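Chains as they are written, first to last, in the numbering used here: chain A, 24 to 90; chain B, 10 to 793.
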């Protein structure tokens, strides 16, 4: 029997996504936990994304594979 | 291990027209609820769905159903509906509020993963999109998908904004190029030219425009003033003429009344009033001479009339003199106004010499009085000079009008260029801001899509491995399996399923597998998914998912449930399939690990009813102690139990029995099948409870008693009646002794699993040797 998980699929996926955002330097590591919760709970709106990425530092290494 | 169910109370819900209570044994990982069709299995499962998942159970998705109306029992008000679940010592109570379940409890109620027979093929025999939906209920990333969708919208809107800014920028450049070309392409590019041009001072042009405008205004005002002056002058001249005329009239009147004196006129006035007061007077009151009062009065009136003409002429002279004076004053004022406007015009024209056409110089010295010291005597000539100046300046006035138009055009052009340049700069700045943002959004969206797909694929991979493991336990060596789920890369939410069959790989199972193989595949997929996302206290419910199947598959299904599913969480099985229940009753499954509940026939008045199912071995034990002795029941029960046990043993060893088309063997045939070389060596034990015991003696003893089953337990005959109770009890006890030697005291199962060098029960406590008939190969069962 596989190990029982206590995270929901949304939470698991949101964690992987925010980790990739940080690795791709789209997101500061300090903000990752808060954004992870917001992505997992589905409350991110269009304006939130815009605000999040407007205020982030310039995109570096845009060609790197964060996927 | 997750919390275990303690009890379930259902009232006024679906088939539970009366309150029904189920007490569960929390030591048992599996609860098997057996009932014929229509006894209330679905009511129990719906009640678990209602309280654990806040769902309307099997009504969900059914056409023309209404939870508010159809969840309550027939004719029962919704307010009476109640489901109370106790699990792990905590209690939750569910009722119906409007059409929604409302659950009250001190903590979060455990959820229940429920697989119904009707949904068994939702993972398999449906279009790929529906299959994805069925699996997505377990791999639920809908909230992240919602966030992803809003990210997609943000990116789309930013792209639209970039397109709009790009279009606006292109429009600004195109319009600038038009202006630039109209200006004769004065710089290397329109943009460069416009940047330089937009920096020019609009204020200078506006000042020039104001100055020229002021000149033209002054022209108009001076001209208006001059036109007014001639009118006033004409009126003054007329007033002077009237005065002269009045003066002449006065002179004439005065000459005609030279002698007249005003004192005399007063005296004459008094005399006239005296005569009027004394009309009969005959003597003069002064000289006392006779007088004619009428004649005297007539003469007095004539003298007074002459004096009044002088007075009236004098008044007229004063009046015309006043008018002439006023008009003179007005004319003076007007002349001063003309001079003021003339000087103002002259000053403005002189200040705007640039607008004066060359070759038309203005000779300002020609107007000495206009610019000289103010002198009342020279007012009129000075005003006349204004008229002269206006006449001479007239030809250059259009050049000021032309200059005004020109500077107006320059201003409009400059404003247009400035607006276009500003717009160009704004759109360029906007694009500078938006393009990096879109890059980030693109990247983020790419990551989200990739991660979501990777996540779902990862889950499917892990589920696939689990499905394969479970499926191969159910169908070992059957050349089916290798199940894979494949996400369609070109479509969102589309999932294909592939497997192998005999020599064919990568085939759709639904095209080749039998119905029962598809059913078990659906069960395995469900169990794998339920495990993958099992919350801490999730209960697994399989609602009547197993239909007719052979013994081997049935045994493996039971093993799967106990070994794979019921280890960490409780499993509730409902079934109408009697062989499944009887496998436990005859100790062909780990009876000690299952709670058997049997549903009784449903009636509207009594609703759902149940009883605990007893194992056959317990029935045998009871029949041996019952008084009076039920001879037929004891002989029959012992015979059937012995048959069931011997059937299992002969199958495990692949014993030779007389073949029959029907495959049903009698007790004697089964005993004969246990050949002596096996019988002599058969041993059993239960570590550490019981040491090795040879079974030969017990089996030999039973062989001499099996006839009792036919004589007493199966048929009506006189021979049977002659058999003593003692003999029947002997048969029953011998059977019970054999069963006690073979059935595990811990798990209640027979040693029927090939485990190393012995057969063992589910918990591996009870063992039986040898593994095969001495000198023979392993049986087919042992080889699996």
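Idealized CB from N, CA, C, for every residue including glycine. The structure presented is a predicted model; accordingly, all values stated were derived computationally and were not measured.
Where the alpha helix (DSSP H) containing residue i begins and where it ends
i, result
"residue 604 of chain B", "Note, residue 604 of chain B: premise wrong, no alpha helix (DSSP H); beta strand (DSSP E) at 603-612."
"residue 373 of chain B", "Careful: residue 373 of chain B lies outside any alpha helix (DSSP H) and carries neither H nor E."
"residue 340 of chain B", "302-360"
"residue 777 of chain B", "That residue, residue 777 of chain B, is in no alpha helix (DSSP H); its beta strand (DSSP E) goes 775-778."
"residue 645 of chain B", "640-662"
Neighbour-count burial assignment, residue i, 16 or more Cβ in a 10 Å radius
i, result
"residue 727 of chain B", "exposed"
"residue 190 of chain B", "exposed"
"residue 115 of chain B", "exposed"
"residue 359 of chain B", "exposed"
"residue 273 of chain B", "exposed"
"residue 88 of chain A", "For residue 88 of chain A, the pLDDT reaches just 39, beneath the cut-off of 50, and the residue's location in the model is therefore unreliable, leaving the point undetermined."
"residue 30 of chain A", "exposed"
"residue 731 of chain B", "exposed"
"residue 33 of chain A", "buried"
"residue 50 of chain B", "buried"
"residue 373 of chain B", "exposed"
"residue 436 of chain B", "buried"
"residue 107 of chain B", "exposed"
"residue 20 of chain B", "buried"
"residue 205 of chain B", "exposed"
"residue 430 of chain B", "buried"
"residue 5 of chain B", "A question about residue 5 of chain B goes unanswered here, because the residues of chain B that appear run from 10 up to 793."
"residue 709 of chain B", "exposed"
"residue 296 of chain B", "exposed"
"residue 724 of chain B", "exposed"
Residues that DSSP places opposite residue i in a beta bridge
i, result
"residue 516 of chain B", "B:508"
"residue 178 of chain B", "Answer is none; residue 178 of chain B lacks a bridge partner."
"residue 91 of chain B", "B:20"
"residue 29 of chain B", "B:19"
"residue 533 of chain B", "None, per the DSSP bridge assignment."
"residue 694 of chain B", "B:776"
"residue 62 of chain B", "Residue 62 of chain B is not bridged to any residue."
"residue 699 of chain B", "B:695"
"residue 764 of chain B", "B:767"
Simplified DSSP state of residue i, which is helix, strand or coil
i, result
"residue 19 of chain B", "strand"
"residue 226 of chain B", "helix"
"residue 40 of chain A", "helix"
"residue 457 of chain B", "helix"
"residue 152 of chain B", "helix"
"residue 528 of chain B", "helix"
"residue 571 of chain B", "helix"
"residue 591 of chain B", "helix"
"residue 560 of chain B", "helix"
"residue 100 of chain B", "strand"
"residue 46 of chain B", "coil"
"residue 66 of chain A", "coil"
"residue 123 of chain B", "strand"
"residue 493 of chain B", "strand"
"residue 555 of chain B", "coil"
"residue 85 of chain B", "coil"
"residue 106 of chain B", "strand"
"residue 31 of chain A", "coil"
Amino acids of chain A, ordered along the chain, whose beta-carbon sits closer than 7 Å to that of residue i
i, result
"residue 159 of chain B", "67, 68, 69 and 72"
"residue 155 of chain B", "65"
"residue 166 of chain B", "69"
Under 8 Å from the C-beta of residue i: neighbouring residues of chain A
i, result
"residue 163 of chain B", "69, 70, 72 and 73"
"residue 150 of chain B", "32, 33 and 36"
Neighbouring residues, chain B, relative to residue i (Cβ below 8 Å)
i, result
"residue 35 of chain A", "464"
Host beta strand (DSSP E) of residue i (start-end)
i, result
"residue 580 of chain B", "580-584"
"residue 784 of chain B", "Residue 784 of chain B -> no beta strand (DSSP E), and no H or E assigned at all."
"residue 736 of chain B", "Careful: residue 736 of chain B lies outside any beta strand (DSSP E), inside the alpha helix (DSSP H) at 734-751."
"residue 620 of chain B", "616-621"
"residue 114 of chain B", "109-114"
"residue 767 of chain B", "767-769"
Per-residue contacts from residue i into chain B (C-beta, under 7 Å)
i, result
"residue 43 of chain A", "456 and 460"
"residue 77 of chain A", "446"
"residue 39 of chain A", "460 and 464"
C-beta neighbour in chain C for residue i, strict 9 Å
i, result
"residue 525 of chain B", "The structure shown has no chain C; the protein chains it does contain are A and B."
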